[in-house]
Structures are given as C-alpha cells and as structure tokens.
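*Asks:* I am attaching a structure below and will ask some questions about it afterwards.
Protein chains: 2
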Amino acid sequence: MDRVTLAVGGGGASTQSFISDIIFSRLGNPLLRKAADAALIDTSLRTAFTTDSFVVRPEFFPGGDIGKIAICGTVNDLLVSGAIPEYISFGLIIPEGYLLTDLERVIDSMAATCEKAGVQVVCGDTKVVERGALDGLIINTSGIGRTVRDWTDYANISAGDKVIITSDAARHGMSVLLARGELGFDGQIESDCAPLNDVFDAARQYAVTFARDATRGGIAAVLNEIAAMCGVGFLMEDEHIKVRDNVRYLCDMLGFDPLSVANEGLAVIIVKEQDAEKALADIRKTANGADAAIAGTVTADGKVVLKTTIGGKRFIEMPRGELLPRIC
Amino acid sequence: MDRVTLAVGGGGASTQSFISDIIFSRLGNPLLRKAADAALIDTSLRTAFTTDSFVVRPEFFPGGDIGKIAICGTVNDLLVSGAIPEYISFGLIIPEGYLLTDLERVIDSMAATCEKAGVQVVCGDTKVVERGALDGLIINTSGIGRTVRDWTDYANISAGDKVIITSDAARHGMSVLLARGELGFDGQIESDCAPLNDVFDAARQYAVTFARDATRGGIAAVLNEIAAMCGVGFLMEDEHIKVRDNVRYLCDMLGFDPLSVANEGLAVIIVKEQDAEKALADIRKTANGADAAIAGTVTADGKVVLKTTIGGKRFIEMPRGELLPRIC
Chain A
1 MDRVTLAVGG GGASTQSFIS DIIFSRLGNP LLRKAADAAL IDTSLRTAFT
51 TDSFVVRPEF FPGGDIGKIA ICGTVNDLLV SGAIPEYISF GLIIPEGYLL
101 TDLERVIDSM AATCEKAGVQ VVCGDTKVVE RGALDGLIIN TSGIGRTVRD
151 WTDYANISAG DKVIITSDAA RHGMSVLLAR GELGFDGQIE SDCAPLNDVF
201 DAARQYAVTF ARDATRGGIA AVLNEIAAMC GVGFLMEDEH IKVRDNVRYL
251 CDMLGFDPLS VANEGLAVII VKEQDAEKAL ADIRKTANGA DAAIAGTVTA
301 DGKVVLKTTI GGKRFIEMPR GELLPRIC
Chain B
1 MDRVTLAVGG GGASTQSFIS DIIFSRLGNP LLRKAADAAL IDTSLRTAFT
51 TDSFVVRPEF FPGGDIGKIA ICGTVNDLLV SGAIPEYISF GLIIPEGYLL
101 TDLERVIDSM AATCEKAGVQ VVCGDTKVVE RGALDGLIIN TSGIGRTVRD
151 WTDYANISAG DKVIITSDAA RHGMSVLLAR GELGFDGQIE SDCAPLNDVF
201 DAARQYAVTF ARDATRGGIA AVLNEIAAMC GVGFLMEDEH IKVRDNVRYL
251 CDMLGFDPLS VANEGLAVII VKEQDAEKAL ADIRKTANGA DAAIAGTVTA
301 DGKVVLKTTI GGKRFIEMPR GELLPRIC
C-alpha cells in the first residue's frame with residue numbers, strides 16, 4: 001500500500017494495521033498503545049484544556065509542516081494559559097489516495113515536535129474521506145496541561161503593564177504564502193513555527209498578567225481582542241516590534257501589515273512593569289525568545305495605538321476580511 | 001450574512017462576531033465565553049481523555065445529525081472507559097459558502113445533546129476552507145471525564161464473563177445509507193444515535209470488566225479487537241442479538257452483516273457472570289437500554305463465534321475492506 005485507502009478509515013482490519021504500522025511506530029507510548037476508547041491520565045486538580053484544527057496549504061513549508069504546526073499550536077495555547085503541556089490527542093482527516101510517504105513524514109514531524117515540547121500523544125482518531133471530497137490533510141489536536149499559573153484572566157491586566165513580544169513578526173504567514181508558489185517569483189522564508197516551552201519556562205518566574213500566542217490575525221488581533229474584552233488600550237512602539245527584512249519587504253510589496261500576519265512561534269506576554277526588564281532578560285536567553293523585546297505599554301484609554309518610528313501615531317486596527325486563508 | 005465566508009476563519013473581526021453570534025449564543029457558558037486560549041477546568045486526579053472526528057454524509061439523517069453524533073460519540077467513548085463525561089472541546093471545519101441556517105441547526109443540536117449528556121463545551125476552534133476544497137462540515141470533539149471506574153484494561157476480561165449488548169444492532173449505519181437516497185427506493189430508518197449516560201449510570205453499580213461502544217465496524221469489530229488484544233474468545237448467540245425487521249431486511253438486501261454495521265447508541269458491556277442478570281435488569285430500566293440482552297459469553301479459546309438461531313456456528317470475522325464510508 002503506498003496510498004491511503006478508504007478501508008483505513010473503516011474501523012476494521014485495515015484500520016487496525018494502519019494504526020499499528022503508521023501511528024504506533026511513531027507516536028506510540030504505553031497509553032496510546034492501550035488503544036482504549038479513552039486514555040486514562042493523571043491530572044492535577046486544575047487543568048488547562050484546548051483544541052485547534054490545522055488546514056495549512058501547502059502542507060510542507062520552509063521551517064515546518066502541518067504535523068509540526070498541529071503540535072506547536074496546541075502546545076503554545078496551553079503555555080500561554082499558564083499551563084505546562086502534558087497530553088495531546090490527534091484527529092487525522094485524510095483524503096483517499098493520500099501518499100503514505102507524505103503521511104509518514106507528517107507523523108514523524110508530530111513525533112519529533114512532541115519530543116521537543118515534552119508532551120505525549122495519548123489518544124487519536126483517523127477518518128478517511130472519498131477522493132474529491134477534501135483537498136488535503138486536516139489535523140485536529142487537543143491538549144491538556146497542568147495549570148501552574150492562570151494567565152487567562154483579562155481582568156488582571158492593568159495600565160502600566162509592559163508588553164513583551166517574544167520574536168520577530170509575520171514570518172509564518174509570509175512563509176506559507178511564498179511556499180504556495182503563486183506569486184510569480186522564487187525565494188523562501190522560514191516559518192517561526194516552534195513550541196515555546198523555553199520562553200514560558202522563563203516567563204513563569206515573573207509577574208505575568210496575561211499571555212497569548214499571535215497566530216491568525218497576528219499581533220493586531222491579539223491586542224484588539226484584549227482591548228475589547230477588558231477595556232484597556234495599548235501604546236506599542238514600532239521600533240521595538242521586529243520584522244525581518246525579507247518579511248517586511250514581502251509584506252510591503254503585497255500590501256500586508258506585518259502586525260496582522262500570522263505567527264506560529266511568537267507570543268505576546270503582558271508583565272507587571274517592575275518585572276518587565278528581568279523577565280525580558282531571561283526570555284532573551286532562550287532559543288525561541290532570543291529576539292524578544294518590550295514593545296509597548298498597557299494604557300487606560302481602550303485604544304490600540306502604534307507609535308511609528310518617525311514619531312507619528314496610528315491605530316492598530318482589528319484585522320478585517322479574509323486575510324490569508326489556510327495558513328495555519 | 002446567510003453563508004459562511006472565509007473571513008469567519010481569519011481570526012479577525014468576522015471571527016469575533018461569528019463566535020459571539022453563532023457559537024456563544026448556543027453553547028455559551030462562563031468557561032467558553034472567557035474565550036481563553038485554553039479553558040481552565042477542575043479535574044480529578046484520574047482523568048479520561050478522548051477524541052473523535054465526524055464526517056457523516058448526509059449531515060442530517062433520521063434520528064440525528066453531525067452535531068448530535070459529534071457529542072454522542074465522544075460522550076460514549078468516555079462512558080465506556082468508566083468515566084463520567086464532563087468537558088467537551090469542538091473543532092469546526094466549514095467549507096466557504098456553507099449555509100448559516102444549517103450550521104445553526106447543527107450547533108443547536110450539539111447544545112441540546114450536551115444538555116442531555118450533562119457536559120459543558122469549554123473550548124473550541126473554527127476554520128473555514130475555500131469553496132471546493134471540502135464537500136461539507138467536519139467536526140472534531142475531544143472530551144474529558146472524571147474516571148470513576150477503569151474499564152479500559154483488556155486483562156480484566158476472563159472466560160465466563162457475560163456480554164451485554166445494550167440495544168438492537170446496525171440502525172445507525174443503515175439509517176445514514178438510506179438517507180443518502182442513492183438506493184433507488186424510499187423509506188427511512190431512525191439512527192440509534194444517543195448519549196448513553198443512563199445505561200452506564202446503571203452499569204456502573206456492577207462488576208463490569210470492560211466496555212466499548214460499537215461504532216465503525218460494529219459489534220464484529222469490537223469483539224475481534226478484544227480477542228486480538230487479550231486472547232479471549234466469544235460465543236455469541238444470534239437469537240439474543242436484536243436487529244429490527246426493517247434494518248435486517250435492508251442489510252439482507254444489500255449484503256451487509258448487521259454485526260459489522262455501525263451503531264451510535266449501542267455498547268458492548270462485559271460483566272462478571274454473577275452480576276450479569278442484575279446489571280441487565282437495571283440497564284433495561286433505562287431509555288437507551290430498554291432492549292438490552294445478554295448476548296454471549298467470554299470463552300478461553302480466542303475465537304469469535306456466533307451460534308445461529310438454527311443451531312449452527314460460524315465465525316464472526318473482523319470486518320475487512322471499506323465498509324460504508326462516512327457514516328460517522
């Protein structure tokens with residue numbers, strides 16, 4: 001068999017051999033291999049629970065693939081909520097005829113990313129749909145983490161808090177767009193796709209009030225969502241929001257605001273002013289936070305404002321319209 | 001807006017209003033409305049965790065729809081593992097242009113089923129894919145439950161245990177097949193799709209050794225999987241495996257073995273012999289277990305055998321090939 005057949009999703013003998021040959025050999029651990037209807041796991045009394053589906057096209061892009069992103073996205077959602085990621089479930093939706101070598105590559109990538117992020121895949125499900133009904137792989141992952149901080153409460157944010165942006169912006173969205181090969185020119189940009197355990201192991205030592213990873217809708221969506229939820233504003237400084245030259249060039253050329261473009265390895269961390277410099281110093285010692293910067297301040301006026309490098313000010317708008325479809 | 005646009009999946013303003021207008025109004029509760037990257041939930045120290053994706057076509061069928069099945073499937077996976085279902089996540093994958101009234105109907109159905117099953121939807125994600133890339137809705141749900149029994153250990157099953165089948169077989173698969181309208185004749189069969197809380201509230205009082213719901217691959221897949229995992233066999237009695245007349249007629253006509261057809265409201269519960277009659281009596285008092293029967297016995301010889309109504313014996317084979325695609 002070199003392509004996925006409908007029988008793989010049927011629940012019978014083909015499903016069983018697919019699970020043991022393709023899945024268990026890569027993601028297997030005692031809990032997953034038990035093949036129970038539910039995995040029985042040890043949890044703390046306070047647990048973080050999250051879910052995300054991934055439909056990125058193309059499925060392979062510089063710096064990552066749909067398997068890596070499916071683990072990173074869910075791991076990062078747990079980390080920003082103040083939890084230590086522990087357990088992952090996956091739901092694979094595969095079009096009939098999908099190349100088995102591609103699928104193996106995706107699952108290898110999931111396994112490697114789980115290893116890096118310190119999580120175990122403990123349950124999963126595979127469905128196969130008829131040829132023509134779906135144009136590529138879809139992966140859903142849900143995640144469970146042990147809550148050690150609660151960074152999900154907007155009410156904890158107050159004016160004067162500092163905004164740390166942990167990396168340079170817009171790399172993932174531009175990477176995927178370029179990888180589509182529809183722009184009429186060559187070149188590639190590496191996605192920032194990464195599990196941010198190292199960054200949050202550092203941040204957790206400090207007085208963080210809120211955190212979020214800036215995926216779909218980018219930094220602009222995160223800041224505006226926070227403003228809408230709790231009434232605070234932001235004064236951001238363009239000179240401290242890093243964008244790599246090739247990314248900025250591509251954004252300018254295509255009319256994208258880098259602040260509205262998706263990232264997969266960038267978090268917005270809001271910290272009490274007195275801890276901001278210390279937190280930043282520790283975050284900058286990590287591999288994924290080496291380019292972190294304090295890029296703004298929480299204000300009381302409910303407006304999300306950018307101070308430009310030439311000293312002017314403009315609103316950072318909530319992204320509208322369809323942005324880029326299927327980048328994450 | 002009467003159809004889902006790509007912008008709904010973009011992470012910006014349209015996503016926000018979709019979430020509040022379509023999702024929160026139906027599934028909302030304090031945890032979900034918090035709109036955090038992860039929901040912080042109270043768990044016990046021993047937790048059941050499961051996931052499933054749903055791709056049933058047509059999306060609406062007699063007795064259910066993709067929303068109802070997405071909740072039932074995950075709730076039942078928790079119940080059969082010995083847990084009390086508590087929290088649900090959802091991942092919606094929607095094709096661009098999907099009718100909003102249909103989507104609302106599906107989400108209403110999810111909400112009604114959650115109410116019935118006593119679970120809360122605490123986190124979710126919505127993705128929209130371009131027209132033509134996907135032929136209908138896909139829903140993933142993951143579930144978390146409080147483990148009060150451990151019914152996931154094959155090693156607990158031993159020869160002499162009794163097999164309770166909680167309902168009549170093959171209704172879901174035949175319902176969906178008939179609803180496709182491709183058979184050239186009319187008629188409808190009601191799916192058995194249901195959350196089995198009542199059945200398992202009853203079963204939990206007794207010495208259950210193992211339980212599983214018989215979805216894809218039907219009862220035949222469940223019995224053969226158990227046999228393969230731990231070496232026991234089964235002697236099942238055809239006269240105690242109920243199949244409704246219209247379901248049996250359709251199966252006969254189309255060449256399906258009712259034992260291999262999917263159910264969405266039927267569980268196989270293995271109970272110690274001394275508790276079997278008492279457990280059966282209590283299960284039969286429930287709405288979803290009214291037609292339960294002791295339909296077989298665990299044997300030591302590793303073979304899955306059916307004693308037919310005329311006294312012969314045949315093997316119940318592991319279903320092979322593609323069975324029915326996209327019925328659950």
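Residue numbers (UniProt numbering), protein chains in the order written: chain A, 1 to 328; chain B, 1 to 328.
Backbone N, C-alpha and C fix where the C-beta goes; we use that ideal spot for every residue, glycine too.
Given the structure is predicted, the values throughout are model-derived calculations rather than measurements.
(1) Pick out whichever of R57(A), R149(A), F256(A) and E277(A) has its Cα sitting closest to the Cα of V176(A).
(2) Between D65(A) and chain B, is any beta-carbon pair separated by less than 7 angstroms?
(3) On the DSSP letters alone, give me the boundaries of the alpha helix (DSSP H) that S142(A) sits inside.
(4) In the DSSP assignment, what are the bridge partners of S89(B)?
(5) Roughly how many angstroms lie between the CA atoms of L223(A) and D291(A), to the nearest whole one?
(6) Looking at the C-beta of M318(B), does it have a partner C-beta in chain A at a distance below 7 angstroms?
(7) Using a Cβ-Cβ distance cut-off of 7 angstroms, determine whether P30(A) contacts chain B.
(8) In chain B, what lies closer than 7 angstroms to S53(A) by C-beta?
(9) With G218(B) as the anchor, note down where its alpha helix (DSSP H) starts and where it stops.
(10) Within this structure, are the beta carbons of A39(A) and F200(B) separated by less than 7 angstroms?
(11) Which one or two residues does DSSP pair with F315(B) in a beta bridge?
(12) Following the continuous alpha helix (DSSP H) through I71(B), name the residue where it begins and the one where it ends.
(13) Buried or exposed: which applies to K68(A), given that a residue is buried once 16 or more other Cβ atoms fall within 10 Å of its Cβ?
(14) Any C-beta of chain B sitting closer than 7 angstroms to the C-beta of I41(A)?
(15) For the stretch 11-20 of chain A against the stretch 5-24 of chain B, do three or more pairs of beta-carbon atoms, one drawn from each stretch, fall closer than 8 angstroms, so that the two count as touching?
(16) Between the Cα of D213(A) and those of A228(A), L280(A), S81(A) and V8(A), spot the shortest distance and give me the residue it belongs to.
(17) Looking at A194(B): is its Cβ nearer than 7 angstroms to the Cβ of G145(B)?
(18) D301(B) CB to nearest chain A CB: under 7 angstroms?
(19) Against chain B, which members of the stretch 12-38 of chain A pass a CB distance test of less than 8 angstroms?
(20) State yes or no: is the C-beta of residue 362(B) within less than 7 angstroms of the C-beta of E96(B)?
(21) What does the Cβ neighbour count give for N288(A), buried or exposed, with the cut at 16 atoms within 10 Å?
(22) Could you please give the first and the last residue of the uninterrupted alpha helix (DSSP H) stretch that includes L32(A)?
(23) Please report the residue range of the alpha helix (DSSP H) in which K278(A) lies.
(24) So I165(B) is in the beta strand (DSSP E); what residue range does that whole segment cover?
(25) Starting from F210(A) and walking both ways along the beta strand (DSSP E), at which residues does that stretch end?
(26) Between A7(B) and chain A, is there a C-beta pair that is closer than 7 angstroms?
(27) To which residues does DSSP link G174(B) through a beta bridge?
(28) Does the stretch 147-156 of chain A come within contact of the stretch 82-96 of chain A, defined as at least 3 CB pairs closer than 8 angstroms?
(29) Can you tell which of R3(B), G63(B), H172(B) and I157(B) has its C-alpha closest to the C-alpha of A327(B)?
(30) Counting contacts by CB-CB distance shorter than 7 angstroms, is L134(A) in contact with chain B?
(31) Please list, in chain order, the chain B residues whose beta carbon lies closer than 9 angstroms to that of L103(A).
(32) Please state the DSSP three-state secondary structure of F256(A).
(33) Under a CB-based cut-off of 7 angstroms, is P325(A) close to chain B?
(34) With a threshold of 8 angstroms, are at least 3 pairs of Cβ atoms found where one atom belongs to the stretch 121-139 of chain A and the other to the stretch 124-144 of chain B?
(35) Go ahead and label R33(A) buried or exposed: buried means 16 or more other beta carbons lie within 10 angstroms of its beta carbon, across all protein chains shown.
(36) Please determine if the stretch 272-286 of chain A and the stretch 176-192 of chain A are in contact, where contact requires at least 3 C-beta pairs separated by less than 8 angstroms.
*Replies:* With the structure as the only source:
(1) R57(A)
(2) no
(3) It is not in any alpha helix (DSSP H) - S142(A) instead sits in the beta strand (DSSP E) that spans I138 to T147.
(4) DSSP output for S89(B) lists C123(B) and S142(B) as bridge partner(s).
(5) 20 angstroms
(6) Yes, M318(B) counts as interfacial toward chain A.
(7) No, P30(A) does not count as interfacial toward chain B.
(8) G91, I93, D125, K127 and N140, listed in chain order.
(9) The continuous alpha helix (DSSP H) containing G218(B) extends over residues G218 to C230.
(10) no
(11) V305(B)
(12) I66 to V80
(13) K68(A) comes out buried.
(14) yes
(15) no
(16) S81(A)
(17) no
(18) no
(19) G12, A13, S14, T15, Q16, K34, A35, A36, D37 and A38
(20) No statement about residue 362(B) is possible, as the shown extent of chain B runs from 1 to 328 and does not include it.
(21) buried
(22) P30 to R33
(23) Per DSSP, K278(A) belongs to the alpha helix (DSSP H) from E273 to R284.
(24) Counting along the chain, the beta strand (DSSP E) containing I165(B) begins and ends at K162 to I165.
(25) V208 to D213
(26) yes
(27) Correcting the residue identity first, residue 174(B) is Met in this sequence and not Gly. Beta-bridge analysis with DSSP links M174(B) to no other residue.
(28) yes
(29) According to the sequence displayed, residue 327(B) carries Ile and not Ala. Of the candidates R3(B), G63(B), H172(B) and I157(B), the one whose C-alpha sits nearest the C-alpha of I327(B) is H172(B).
(30) So yes, L134(A) belongs to the interface.
(31) Under the 9 angstroms cutoff, chain B gives no residues; its nearest Cβ is about 16 angstroms from L103(A).
(32) coil
(33) yes
(34) yes
(35) exposed
(36) no
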